[in-house]
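Here is the structure we will look at.
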Amino acid sequence: MQTKITVSLQNISSVAKKLKELLPQNCIIFLNGTLASGKTTLTKAIVKEFGNLDSVTSPTFSLQNIYGNNIFHYDLYRVGFDEIMDLGLYEEFDKNGWHIVEWANPKLKTFLESAGYNTFNISINILDLNSREYILGA
């Protein structure tokens, strides 16, 4: 089932609240969207929804940031599937919590889904400078 939510960036917390209602405590969330569509902005809203005031930044060079309340944030833009496997990064998904993945490799998605992990896709479409369409379960 898909849910579409169209909001301004000022009201992005409504998307985070909906996700908190929909998703189990342990889930891998794949964020899909073009460059500057707001993947990290949505992650910030999710972290805040869980009551965490940590500073949220994209883990472009570190690959992973961890925020309180078991929220793991990955940016895999520059990392291919083989490198993820070689680094053992896939083992991080065994940890309890929400794993929010930007720029997931399709092979990684297939691997994790076939291994039985709870996964959830979110597509983000830019409507204008200040508005986005979020397709939950896309």
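Just add 980 to the spot in the sequence shown (first one is 1) and you have our numbering. Note that beta-carbon positions come from the ideal geometry of N, C-alpha and C, so glycine has one too.
I'd like the span of the beta strand (DSSP E) that includes residue i, first residue to last.
i, result
"Glu1113", "1111-1116"
"Leu1107", "1099-1108"
Can you check which of these residues, the options, is closest to residue i by C-alpha distance?
i, options, result
"Ser993", "Phe1030, Asn1006, Ser1017, Ile1009", "Phe1030"
"Phe1073", "Lys998, Ile1009, Ser1038", "Ile1009"
Need the endpoints of the alpha helix (DSSP H) that residue i sits in, please.
i, result
"Glu1093", "1086-1094"
"Glu1082", "Element bounds for Glu1082: not the alpha helix (DSSP H) but the beta strand (DSSP E), 1078-1082."
"Asp1055", "Here Asp1055 belongs to no alpha helix (DSSP H); instead the beta strand (DSSP E) covers 1051-1055."
"Ile1026", "1019-1029"
"Val1059", "Neither: Val1059 is in no alpha helix (DSSP H) and is coded neither H nor E."
Report all residues from its chain with a CB closer than 8 Å to the CB of residue i; omit the five preceding and five following residues, and keep chain order.
i, result
"Tyr1070", "Ile1064, Leu1088, Phe1091, Leu1092"
"Leu1107", "Thr986, Glu1113"
Quick one: residues in its chain with C-beta nearer than 6 Å to the C-beta of residue i, no 5 flanking neighbours on either side, listed in chain order?
i, result
"Ile985", "Val995, Tyr1114"
By the 10 Å Cβ neighbour count, where 16 or more other Cβ atoms means buried, how is residue i classified, buried or exposed?
i, result
"Pro1004", "exposed"
"Ile1046", "exposed"
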